[in-house]
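Visitor: The opening residue of the sequence shown carries number 60 in the numbering used here; numbering runs sequentially from there. We put the CB at the ideal spot given by N, CA and C, even for glycine.
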Amino acid sequence: MKTPIKAVLQRRPGVVLATVAILAGGILAGCGSDGADSDGDVAATLIIKTQGTSYFQRMAEGAEASAKELGVDLTVAAGKVDGDEDTQIQAIENAISRGDQGIIITPNGPSVVDALARAKDAGLYVVALDTVPDPADDVDITYATDNYRAGQLIGEWTAVKLDGDDAVIALLDLFDDKVLTVDYERNQGFLDGMGIDLNDPEVNGDEDPQGTYTGGQGGSYEIVGNQASEGTEDGGRTAAETLLSKNPDINVIYGINEPAAYGGFQALEAAGRSDGLITVAIDGACDGVNYVEEGTLQATAQQFPKIMAEKGVEAVHALATGGEKPQPEEGEEFVNTGTEIVAAEALPGVESVSVEDGLATCF
C-alpha cells in the first residue's frame with residue numbers, strides 16, 4: 060500500500076459540491092450522481108484510515124462510483140496516518156452534525172468504535188469496511204476480507220515453499236501500542252497456516268518461540284520475534300534490522316502488508332542475507348504484485364477494497380430507503396469479500412493466481 064492519493068478527492072464533474080474541508084491533514088469532499096444536488100435523499104460519509112495508500116484510494120473510488128450510480132451524496136474523509144483516531148472521530152461528529160443517514164468506515168482504533176456508538180444513537184446507519192470492529196455489533200454490517208483466512212493462505216503457501224527446511228521467522232506486525240483485529244488475525248492466521256500451534260488467537264507473540272510446523276513437508280521453526288512496522292516500508296526495514304540483530308539466519312519474513320515486507324527484504328538484502336529468503340505479505344496492491352513479479356516478494360494474499368466500498372454504499376442506501384439489512388453468512392460476523400494468493404510460482408496443493416491475473420485486480 061504505497062501510492063498516495065490526492066490531498067482532496069474531487070466531486071464528479073457536474074455535481075454541486077456541498078462541503079469541502081481539510082481535517083487537520085485529512086480529506087473531506089463531497090460527491091454524488093450527475094445532476095444531483097446537496098439535498099439528495101441519502102447522504103453518507105466514507106471515512107478511510109489514511110489518504111496515503113493506493114488501497115484506500117481504490118476504496119474511495121469504489122464508494123464514489125457506487126454513490127454516483129445510486130444518487131447518494133457522499134463525503135470522503137481520512138485520518139492523517141494509519142492509526143489516527145482523532146481525525147476520524149471528528150469526521151464522525153461532522154457526519155452527525157450534517158444529518159447524514161450513514162457512515163462507512165475503516166476504523167483506526169478502539170476510540171473510533173466508541174464514537175460510532177454515538178452515531179448509531181443519533182440514528183445513522185454504520186457500515187464497517189476492511190476490519191471487523193470488536194465487538195462486531197457496534198456497527199450494522201461489516202464488509203471485509205477474512206483476514207485470518209488470508210493469513211492462513213499465505214502461511215500454507217509459505218510452508219509448502221519451505222519444502223521441509225527449517226523456518227527462522229521474522230514477524231513484521233502493525234502496531235505494538237494498540238490492538239487491532241486486522242493485526243492479530245493476519246499474524247495468527249499466518250502461523251496457523253504454517254501449522255504452528257497457537258495459544259491465544261487474539262494475541263500476537265505468545266506462541267512457543269521454537270517447535271515444529273506441520274504445513275507442507277513440515278519442519279522445525281524458530282520465531283525470532285514480533286516487531287511493529289506501522290505498515291510502512293521504513294517501519295518494516297527498522298523492524299527487520301532489529302530482528303536480524305537477534306538472529307542473522309532469518310529465512311522467512313511475514314509482513315502485515317507489502318510495504319512492511321518490502322522494507323524487511325531491504326534490510327536483509329543490505330545485510331547480505333537475502334539469498335533463499337521467503338518474503339510474503341497480505342494486501343495485493345499493484346506495487347506488491349510487482350514485487351512478486353520481480354522476486355522481491357514470493358507471494359501475497361490479495362484482497363478487494365473496491366468491492367468492500369461499493370457494498371458499503373449500497374448497504375447504507377438500502378437501509379436508508381427501507382430496504383433489507385444485508386446479512387453475513389450464518390455463523391459469520393461480516394460479509395467476506397474474498398482473497399486469493401498471487402504468486403509467480405504455482406505450488407502443489409495451494410491454490411494461487413498468476414502475477415498477470417493479480418495485476419488485473421490490484422489497487
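Could you name the residues of the same chain whose beta carbon sits closer than 6 angstroms to that of G142, not counting the 5 residues immediately before and after it, in chain order?
Guide: Within the sequence shown, residue 142 is the residue found at index 83, counting from 1. Contacts found: N167.
Visitor: Applying the criterion that 16 or more other CB atoms from any shown protein chain within 10 Å of the CB defines a buried residue, is N263 buried or exposed?
Guide: Within the sequence shown, residue 263 is the residue found at index 204, counting from 1. Classification of N263: buried, given that the 10 Å Cβ count is 16 or more.
Visitor: So, is K370 buried or exposed, given that buried needs 16 or more other C-beta atoms within 10 angstroms?
Guide: Taking the sequence shown and counting its residues from 1, one reaches residue 370 at position 311. Counting Cβ neighbours within 10 Å, K370 comes out buried, since at least 16 surround it.
Visitor: Since Y114 contacts F324 with CB under 8 angstroms, what's their CB separation in whole angstroms?
Guide: Mapped onto the sequence shown, residue 114 falls at position 55. Mapped onto the sequence shown, residue 324 falls at position 265. No, Y114 and F324 are not in contact; Cβ-Cβ is about 20 angstroms, not under 8 angstroms.
Visitor: Are the beta-carbon atoms belonging to Q147 and I106 less than 7 angstroms from one another?
Guide: The sequence position of residue 147 within the sequence shown is 88, counting from 1. The sequence position of residue 106 within the sequence shown is 47, counting from 1. Yes, they are a contact pair.
Visitor: In angstroms with no decimal places, state the Cα-to-Cα distance between A358 and V186.
Guide: Counting from one through the sequence shown, the residue named residue 358 turns up at place 299. Counting from one through the sequence shown, the residue named residue 186 turns up at place 127. Going by the C-alpha atoms only, they are around 31 angstroms apart.
Visitor: Are at least three pairs of beta-carbons, each pair with one atom in the region 288 to 308 and one in the region 258 to 276, less than 8 angstroms apart?
Guide: As far as the Cβ criterion goes, the region 288 to 308 does not touch the region 258 to 276, which means the pair count is below three.
Visitor: Do the region 242 to 256 and the region 213 to 231 make contact, defined as three or more Cβ pairs closer than 8 angstroms?
Guide: Touching, per the Cβ criterion.
Visitor: Using the three-state DSSP reduction, which class does E266 fall into: helix, strand or coil?
Guide: On the sequence shown, position 207 is the one that residue 266 refers to. It is coil, neither helix nor strand.
Visitor: What does a CB cutoff of less than 7 angstroms around D222 pick up in its chain, not counting 5 residues either side in sequence?
Guide: Within the sequence shown, numbered from 1, the residue matching residue 222 stands at position 163. Taken in chain order, the residues that qualify are G275, Q276.
Visitor: Locate the alpha helix (DSSP H) running through D242, then write down its first and last residues.
Guide: Translated into positions along the sequence shown, residue 242 becomes position 183. Counting along the chain, the alpha helix (DSSP H) containing D242 begins and ends at 240 to 253.
Visitor: Taking its Cβ as the centre, do 16 or more other Cβ atoms sit within 10 Å of N316, making it buried, or is it exposed?
Guide: Taking the first residue of the sequence shown as position 1, residue 316 is located at position 257. N316 should be labelled buried.
Visitor: Please name the residue in P387, V140, G158, V348 whose C-alpha comes closest to that of K108.
Guide: As a working note, residue 108 is residue 49 in the sequence shown. Ranking the options by Cα distance to K108, first place goes to V140.
Visitor: How far does the beta strand (DSSP E) with E399 in it extend, from its first residue to its last?
Guide: Looking up residue 399 in the sequence shown gives position 340. 399 to 402 is the span of the beta strand (DSSP E), which, as asked, contains E399.
Visitor: If we require 4 or more residues per run, which alpha helix (DSSP H) segments fall completely within the region 157 to 231?
Guide: Whole alpha helix (DSSP H) segments, 4+ residues: 169 to 180, 206 to 221.
Visitor: Can the beta-carbon of G121 be found closer than 7 angstroms to that of K365?
Guide: Residue 121 sits at position 62 when you count from the first residue of the sequence shown. Residue 365 sits at position 306 when you count from the first residue of the sequence shown. In contact: G121 and K365 (Cβ atoms closer than 7 angstroms).
Visitor: Taking 8 angstroms as the cut-off, does the region 171 to 181 touch the region 193 to 210 (at least 3 CB pairs, one atom from each stretch)?
Guide: Segments in contact, yes.
Visitor: Ordered along the chain, which non-local residues of its own chain (more than five positions away) have a Cβ less than 7 angstroms from that of G138?
Guide: Here residue 138 is taken as the residue at index 79 of the sequence shown, counted from 1. Cβ neighbours of G138 beyond the five flanking positions: G85, K108, T109, T146, Q147, N167.
Visitor: With a threshold of 6 angstroms on Cβ separation, who are the neighbours of D232 within its own chain once the five nearest residues in sequence on each side are excluded?
Guide: Taking the first residue of the sequence shown as position 1, residue 232 is located at position 173. Hits under 6 angstroms: D242, N246, N263, N285, A287, I315.
Visitor: Take G290 as the anchor and find which of D308, G347, S304 has the nearest alpha-carbon.
Guide: Residue numbering aside, residue 290 sits at position 231 when the sequence shown is read from its first letter. The shortest C-alpha separation from G290 is found at G347.
Visitor: In chain order, what residues of the same chain have a beta carbon less than 6 angstroms from the beta carbon of A402, not counting five sequence neighbours either side?
Guide: As a first step, residue 402 is located in the sequence shown; it is residue number 343 there, counting from the start. Cβ within range, chain order: A358, S411.
Visitor: Using only alpha-carbon positions, find the residue among D100, K305, A124 that is nearest to A368.
Guide: Numbered from 1 along the sequence shown, position 309 holds the residue referred to as residue 368. A368 has its Cα closest to that of A124, out of D100, K305, A124.
Visitor: Report yes if the CB atom of T104 is closer than 7 angstroms to the CB atom of A178, and no otherwise.
Guide: Indexing the sequence shown from 1 puts residue 104 at position 45. Indexing the sequence shown from 1 puts residue 178 at position 119. No, Cβ-Cβ distance for T104 and A178 is not below 7 angstroms.
Visitor: Along the chain, where does the alpha helix (DSSP H) that runs through S304 open and close?
Guide: Here residue 304 corresponds to residue number 245 of the sequence shown, with the count starting at 1. That run of the alpha helix (DSSP H) goes 292 to 305.
Visitor: Just the Cα atoms here: how many angstroms apart are G254 and E144?
Guide: Locating residue 254 in the sequence shown gives position 195, counting from the first residue. Locating residue 144 in the sequence shown gives position 85, counting from the first residue. When rounded, the distance between both Cα atoms is 35 angstroms.
Visitor: Within its chain, find whatever has a CB closer than 6 angstroms to the CB of R117; leave out the 5 residues flanking it on each side and keep chain order.
Guide: Within the sequence shown, numbered from 1, the residue matching residue 117 stands at position 58. So the list reads P364, K365, F422, once near-sequence residues are dropped.
Visitor: Excluding the five sequence neighbours on either side, which residues of its own chain have a C-beta within less than 7 angstroms of the C-beta of S279, listed in chain order?
Guide: For the purposes of this step, residue 279 is taken as the residue at position 220 of the sequence shown. Correct list, in chain order: D225, T271.
Visitor: Assign L406 to one of two classes, buried (16 or more other C-beta atoms within 10 Å of its C-beta) or exposed (fewer than that).
Guide: By 1-based counting over the sequence shown, the position of residue 406 is 347. With 16 or more other Cβ atoms within 10 Å, it is buried.
Visitor: If I measure Cβ to Cβ from S413 and keep anything under 6 angstroms in the same chain, skipping five residues before and after, which residues do I get?
Guide: For the purposes of this step, residue 413 is taken as the residue at position 354 of the sequence shown. None.
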